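Engineer: Just passing along the structure, written as structure tokens.
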Amino acid sequence: ILEKLNMVELAQVTVYAQGCGMILGALVGSMMADIYGRRRLLYISLAGMLALHCLMALSISWIMFIFMRMISVGCAGATLVISFVTVVEFVGPEWRDACTCSCFWVLGAVLISMEALATQHWRWLALLSGGLCLPLVATFFTSTESVRWLQCQHRFTEAEWGFREVVSVNSQAVPDLTTLLDRSRGCIVNNMHIKKFTYLDLFHSLDSTKWTIALVYVCTVSSTVYFSLFWHVKDMTNFAYFNSFLPFLIDLPLAWSVVVLNRCLGRRWCLFLYAVASGFALLSILILHITGNVDFLPSLVTGLALFGKIGVTASLSLILLITTEMYPTVTRCMGVAVAVSSGSGGAMLSRAFVFLESYHYTVPFVIYGLMMSSVGVLGLVFPETIRRPLKNVQQCRHRKIPLTEGARLVGRPPSLWDAV
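What the sequence shown shows, in the numbering used here, is residues 19 to 438, in sequence order.
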């Protein structure tokens, strides 16, 4: 079947296979990380991604190439989710937005463009891009398991060791560390027993169900709009290697403004502001059409798409930040995986929106504007999480406290990690 397809159709099949691999890898890898731990799954998926990416250079047919690509991207999906969650669980409330919204992944797009320019062949590019990152696997011996996850698994001795190791390299002293550890242990034992959580636990309460459904919608819609606009601006110059990273590089200034603005308005209202502003910017195509300015300046359409895409990038960063903070440690990876999988689905869905341009050039922009405005409104459903400690436990309805524990457990202590 593949032999009958032309290059454009083969490229589309590859993109859809990558999207399916991303969804499958993110969903499976994240659930295993929530059950078996962040550290091991992170490095297993990272090593698998790099090894398969190098082996992809040995492909002798399109079937082999697409299969290797799909499996490699599946490992990348698991790596993406687990690495992001692990970093956020090790930093305090004041640094979570900086870690999420800095968008330093754009440097990877710049690096891959330089590698492509140097190699000029996809086989060498696969070997080089995979081989350069292989030394990162050695950081396994210097990293530690997430202390939050260890505590939720009632592995308190290992959690204390990891916590003291972090404190030893911290510039700020933690007073009365032993008391804080005891209070944290009491909180976890008092509220939750050990169990293997699944995606069904994302719907354990009415609020969590509401947040998860809203998350699927806003991620799918935002990603659809983002990649639909990306096709409008992907050829900004006549140099293909510039075009591969320039649209992402332009997003950085506004994405960085999220770090400052969300501390003034909060996560929810900042998401509302960026999403609705992006929607209104896209809807302004109607004003340009009525005034006739598009006939004299055709580049206005490209500029409008670029400006709208920047707002969508900021919205996606905030959605990812809110997702990480609103789910407890025991289901955090799965919550982020739902967001990533919905975004991958939206990326594949964006290719189906090409038909809108056949009606009128304003139709896609009007629909994209309405879609982003709905994201801003529905984003208000999410809880406000700014300057709040990450939740660790998910309350068990039938938790029974041993008498030896219940005698000394008093109230719900503050978050241990935020004292660092």
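We treat Cβ as the ideally placed atom computed from N, Cα and C, and that holds for glycine.
Quick caveat: nothing in here was measured; it's all calculated off a predicted structure.
What span of residues does the alpha helix (DSSP H) with residue 113 cover, start to end?
Structural biologist: Premise fails: residue 113 is in no alpha helix (DSSP H) and is neither H nor E.
Engineer: Residue 355: buried (16+ other C-beta within 10 angstroms of its C-beta) or exposed?
Structural biologist: buried
Engineer: Classify residue 8 as buried or exposed, calling it buried when 16 or more other Cβ atoms lie within 10 Å of its own Cβ.
Structural biologist: No information on residue 8 is available, as it lies outside the stretch 19 to 438 that the chain covers here.
Engineer: Within its chain, find whatever has a CB closer than 7 Å to the CB of residue 133; leave out the 5 residues flanking it on each side and keep chain order.
Structural biologist: 143, 146, 147
Engineer: By the three-class DSSP mapping on this structure, what secondary structure does residue 309 have?
Structural biologist: helix
Engineer: Counting pairs of Cβ atoms below 8 Å between the stretch 387-400 and the stretch 72-92, do you hit three or more?
Structural biologist: no
Engineer: Counting Cβ pairs closer than 8 Å, one from the stretch 367-374 and one from the stretch 298-312, do we hit at least three?
Structural biologist: no
Engineer: Give the secondary structure of residue 123 by DSSP, where H, G and I count as helix, E and B as strand, and everything else as coil.
Structural biologist: coil
Engineer: Could you give the DSSP three-state label for residue 209: helix, strand or coil?
Structural biologist: helix
Engineer: Within its chain, find whatever has a CB closer than 8 Å to the CB of residue 411; leave out the 5 residues flanking it on each side and keep chain order.
Structural biologist: 170, 205, 206, 209, 210, 346, 347, 348
Engineer: As an exercise, report each continuous alpha helix (DSSP H) stretch of at least 4 residues that is fully enclosed by the stretch 246-308, in chain order.
Structural biologist: 258-261, 264-267, 270-283, 285-301
Engineer: Let's test the definition: count the other Cβ atoms within 10 Å of the Cβ of residue 182 and tell me whether it reaches 16, buried, or not, exposed.
Structural biologist: exposed
Engineer: What is the rounded straight-line gap between the Cα of residue 122 and the Cα of residue 99?
Structural biologist: 16 Å
Engineer: Let me know the secondary structure DSSP gives residue 400 once reduced to three states.
Structural biologist: coil
Engineer: Closer than 8 Å is the cut-off here; do at least three beta carbon pairs connect the stretch 241-261 with the stretch 378-394?
Structural biologist: Yes, they touch.
Engineer: Can you list, in chain order, the stretches of the beta strand (DSSP E) that have 3 or more residues and sit fully within the stretch 31-73?
Structural biologist: none
Engineer: What residue does the alpha helix (DSSP H) around residue 169 start on, and which one ends it?
Structural biologist: 165-170
Engineer: Might you give, ordered along the chain, the residues of its own chain that have their beta carbon closer than 7 Å to the beta carbon of residue 151, omitting 5 neighbours on each side?
Structural biologist: 68
Engineer: What did DSSP end up calling residue 160 once you bin it into helix, strand or coil?
Structural biologist: Coil at residue 160, not helix or strand.
Engineer: Roughly how many whole angstroms lie between the Cα atoms of residue 286 and residue 401?
Structural biologist: Rounded to the nearest whole angstrom, the CA to CA distance from residue 286 to residue 401 is 7 Å.
Engineer: What three-state label does DSSP hand residue 328 in the structure shown?
Structural biologist: helix
Engineer: Within 10 angstroms of the Cβ of residue 113, are there 16 or more other Cβ atoms? Answer buried if so, exposed if not.
Structural biologist: exposed
Engineer: Smallest Cα separation from residue 344: which of 214, 225, 50?
Structural biologist: 225
Engineer: Give the straight-line distance between the Cα atoms of residue 317 and residue 324, rounded to the nearest whole angstrom.
Structural biologist: 11 Å
Engineer: To which residues of the same chain is residue 57 closer than 8 Å at the C-beta, ignoring the five residues directly before and after it?
Structural biologist: 104, 158, 161, 162, 163, 164
Engineer: With DSSP run on the structure shown, which of helix, strand or coil describes residue 429?
Structural biologist: Its pLDDT being 40, under 50, residue 429 is placed unreliably in this model, and the value from its coordinates should be taken loosely. Here residue 429 sits in coil by DSSP.
Engineer: Classify residue 409 as helix, strand or coil using the three-state DSSP reduction.
Structural biologist: coil
Engineer: Start and end of the alpha helix (DSSP H) containing residue 175?
Structural biologist: 174-186
Engineer: Please work out which residues of its chain come closer than 6 Å, Cβ to Cβ, to residue 363, disregarding the five sequence neighbours upstream and downstream, and give them in chain order.
Structural biologist: 238
Engineer: Determine the burial state of residue 321: buried for a count of at least 16 other Cβ atoms within 10 Å of its Cβ, exposed for fewer.
Structural biologist: exposed
Engineer: Please report the straight-line C-alpha distance between residue 403 and residue 141, rounded to a whole angstrom.
Structural biologist: 45 Å
Engineer: Grouping DSSP H, G and I as helix and E and B as strand, with all else coil, what is residue 228?
Structural biologist: helix
Engineer: Starting from the Cα of residue 90, find the closest Cα among 96, 81, 102, 70 and give me that residue.
Structural biologist: From the listed residues 96, 81, 102, 70, the smallest Cα separation to residue 90 is found for 70.
Engineer: Below 7 Å CB to CB, which residues in the same chain sit around residue 341 once its five sequence neighbours on both sides are set aside?
Structural biologist: Excluding sequence neighbours, residue 341 sits near 233, 353, 354, 357.
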